[in-house]
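Protein chains in written order, with my numbering: chain Y, -12 to 404; chain G, 418 to 586. Heads up, the beta-carbon is just placed ideally off N, CA and C, and yes, glycines get one too.
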């Protein structure tokens, strides 16, 4: 009985738990990346541990600063490889892609699972009906040693998005809209359940964009139903058995927010807060120096597809850089096969290795002073892309591609009617 | 845990962990003393030099939003910060602070100004603003958190108990 979170955590704890209870639960899969693995190894050693409890349930991913731009980073990467080898855990090395694309893509996370990652956007897998959340390196190390983690069972806010998304708007616009209405701390410590005809109509890839960003409203996880599309997605990637988890009819929610999104406009987050969101017409015309399409939020195949369709046979604006980072090697291969990469490169895009790219300001496109960037990433904090004097706006890939063509923030509905 | 005394360094709402330690530095090294020199650099250049050992970071709502980077509390500790005091915290940062043994205090910080002399008593849940002559009652730390913190962080907790010892039987 209860919400999806209560039911998944109860099943794992071996007893019925409810919002507010403390429980210690086994973890089904774990992950850390190059910004968090170093400290995880440090904490692991501090715990005087020798072996990871379940090495096949742990993946190390080199994606945040990849390929390495400098010696010190290369040495951290080397330590990661050595740790993976010595423990027999999985490793996804340079060029494999972004952690939050790789885990679902390789069938590591299943509906009804409990998954943790040393990365705040681990909540992405909520779209697959997974209780997935970001943790720090010490929590992760503790889970590597014991196979378990403790949680306070979260209470839940339920969203129902009715209607049909209008042309020119995408799942990114839905989640930016949620950030706008809920604010950056609107769901702190809470779980979200996200339903409605708008979600039902979306691909699993599109849904992941929404669950990816629930941490931007403070949420622990953004859960969606295990419907036919999720079951197909998972079955195409693994033979492991799984069973989706539904909330009970009697589940108790903190709040239920029901909204019709039929009139939603393309949404833009302005500097320097993800919840500083406006309709596109309020910022249309702002000149751009760089556009970035990629990341765990929006670097998937359908994101590259829509961008390539908008830019097919066209050119990006003069004096503008368009950087594209496919979310994984498989996304890159599929995008090449489908001709999306060809269209993007011919339009002037710079395609970089499947990785986090310039999202975290490490390499591959740090903006210069006083430049303006439009990005499909999930954060626009001051200095996020490596320069505190740059302004970062966030949008969907369609808005980003159309804006790259015109050289300023633009309303993609002008070409998508 | 005895009471700590220090000066307040005040920040606003939604102070995220990118601001505590920027991505452009944190991926480069695991040396926290080196990273500490860049603490809050993107929003308050020179902050490292302002800190005296035992001072407090005082913020509004949602302190520690965003990235899960444990470098954030570690860097604050390495820079000499004795505790973080805020009206509310983001969840991953809150856990990370406790796990690495950096005390967190949830209290109404609206009356605290830059440079105020504070006395923070975690065990009693009290923040005394010596400059203003006001005593503030903090929201008690959840028992689980208190246990981990008093064991000296999560690594020490696990070593001491041979696993998690947090569930009430």
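With a threshold of 6 Å, establish whether the CB of residue 547 of chain G neighbours any heavy atom of the ligand GDP.
-> Looking at this structure, you won't find the ligand GDP or any other ligand, since it has none at all.
Per DSSP, which one or two residues make a beta bridge with residue 18 of chain Y?
-> Y:46 and Y:104
Going straight from the alpha carbon of residue 64 of chain Y to that of residue 521 of chain G, what length do you get?
-> 32 Å
Cβ of residue 473 of chain G less than 7 Å from any chain Y Cβ?
-> no
Using DSSP with H/G/I as helix, E/B as strand and the rest coil, what is residue 428 of chain G?
-> Here residue 428 of chain G carries a coil assignment [DSSP, helix/strand/coil].
Among Y:387, Y:0 and Y:288, the one whose alpha carbon lies nearest that of residue 139 of chain Y | Y:0
Can a CB atom of chain G be found closer than 7 Å to the CB of residue 176 of chain Y?
-> yes
Please confirm if residue 454 of chain G has its CB atom under 7 Å from at least one CB of chain Y.
-> no
In the DSSP assignment, what residue or residues form a beta bridge with residue 149 of chain Y?
-> Y:247
Within the stretch 482 to 512 of chain G, ranges of the alpha helix (DSSP H) (whole runs, at least 4 residues) = 488 to 495
Would you grab the beta carbon distance between residue 430 of chain G and residue 368 of chain Y for me? Rounded to a whole angstrom, and I think it's under 8 Å.
-> Residue 430 of chain G to residue 368 of chain Y, Cβ: 13 Å. No contact.
Terminal residues of the continuous alpha helix (DSSP H) containing residue 68 of chain Y?
-> 58 to 74
Using Cβ-Cβ distances below 7 Å, what residues of the stretch 512 to 542 of chain G are close to chain Y?
-> For the stretch 512 to 542 of chain G, the beta-carbon criterion of a distance under 7 Å to any beta-carbon of chain Y is satisfied by 512, 513, 516 and 517.
Residues of the stretch 560 to 578 of chain G with Cβ closer than 8 Å to any Cβ of chain Y, in chain order = 561, 570, 571, 572, 575 and 576
Can you give me the Cβ contacts of residue 155 of chain Y inside the same chain, cut-off strictly under 7 Å, excluding the 5 residues immediately before and after it?
-> 253, 385, 399, 400 and 403
Buried or exposed: which applies to residue 109 of chain Y, given that a residue is buried once 16 or more other Cβ atoms fall within 10 Å of its Cβ?
-> buried
So, does the CB of residue 428 of chain G fall closer than 7 Å to a CB anywhere in chain Y?
-> Residue contact with chain Y for residue 428 of chain G: absent (no Cβ-Cβ distance below 7 Å to any residue of chain Y).
Short-range partners of chain G found in the stretch 38 to 54 of chain Y, where Cβ spacing is below 9 Å = 51 and 52
Buried or exposed: which applies to residue 486 of chain G, given that a residue is buried once 16 or more other Cβ atoms fall within 10 Å of its Cβ?
-> buried
State buried or exposed for residue 73 of chain Y, treating a residue as buried only when at least 16 other CB atoms are found within 10 Å of its CB.
-> When all chains shown are included, residue 73 of chain Y counts as exposed.
Could you tell me which chain G residues have their CB closer than 9 Å to the CB of residue 223 of chain Y, listed as they occur along the chain?
-> The contact set of residue 223 of chain Y on chain G, defined by CB atoms closer than 9 Å, is empty, because the minimum CB distance reaches about 29 Å.
Compare the C-alpha of residue 313 of chain Y against each of Y:29, Y:15, Y:14 and Y:87 and name the closest.
-> Y:87
Residues of chain G with CB under 9 Å from residue 279 of chain Y, in chain order?
-> Within chain G, no residue comes near residue 279 of chain Y; the closest Cβ sits about 14 Å away, beyond 9 Å.
Give the interface partners of residue 486 of chain G over in chain Y, defined as CB-CB distance under 8 Å, in chain order.
-> Result: 22, 23 and 123.
Mind reading off the beta-carbon distance from residue 343 of chain Y to residue 85 of chain Y? Whole number of angstroms is fine, and I expect it under 8 Å.
-> 6 Å
Three CB pairs or more closer than 8 Å across the stretch 179 to 194 of chain Y and the stretch 441 to 451 of chain G = no
Using a Cβ-Cβ cut-off of 7 Å, state whether residue 509 of chain G counts as contacting chain Y.
-> yes
Chain Y residues whose Cβ lies nearer than 7 Å to that of residue 481 of chain G = Near residue 481 of chain G there are no residues of chain Y at all, since even the closest Cβ is about 10 Å away, more than 7 Å.
Residues of its chain near residue 230 of chain Y, where Cβ-Cβ distance is below 6 Å and the 5 sequence neighbours each way are ignored | 99
For residue 266 of chain Y, name the three-state secondary structure that DSSP assigns.
-> In the structure shown, residue 266 of chain Y adopts extended strand secondary structure according to DSSP, grouped into three states.
Per DSSP, residue 421 of chain G forms a beta bridge with which residues?
-> DSSP lists G:537 as partners of residue 421 of chain G.
Cβ-based burial, residue 537 of chain G [other Cβ within 10 Å; buried from 16] | buried
CA nearest to the CA of residue 273 of chain Y, picked from Y:257, Y:263 and Y:279 = Y:257
Hey, residue 372 of chain Y and residue 345 of chain Y are a contact pair by Cβ (cut 8 Å); roughly how many whole angstroms apart?
-> 5 Å
Own chain partners of residue 106 of chain Y with C-beta closer than 8 Å, once the 5 adjacent residues on each side are dropped | Annotation for residue 106 of chain Y: 18, 19, 20, 22, 23, 86, 87 and 121 place their beta carbon closer than 8 Å to its own, counting only its chain and skipping 5 residues before and after.
On the premise that residue 360 of chain Y lies in contact with residue 379 of chain Y, defined as a C-beta separation below 8 Å, what is that separation, rounded to the nearest angstrom?
-> Their Cβ separation, rounded to whole angstroms, is 5 Å, which keeps residue 379 of chain Y and residue 360 of chain Y in contact under 8 Å.
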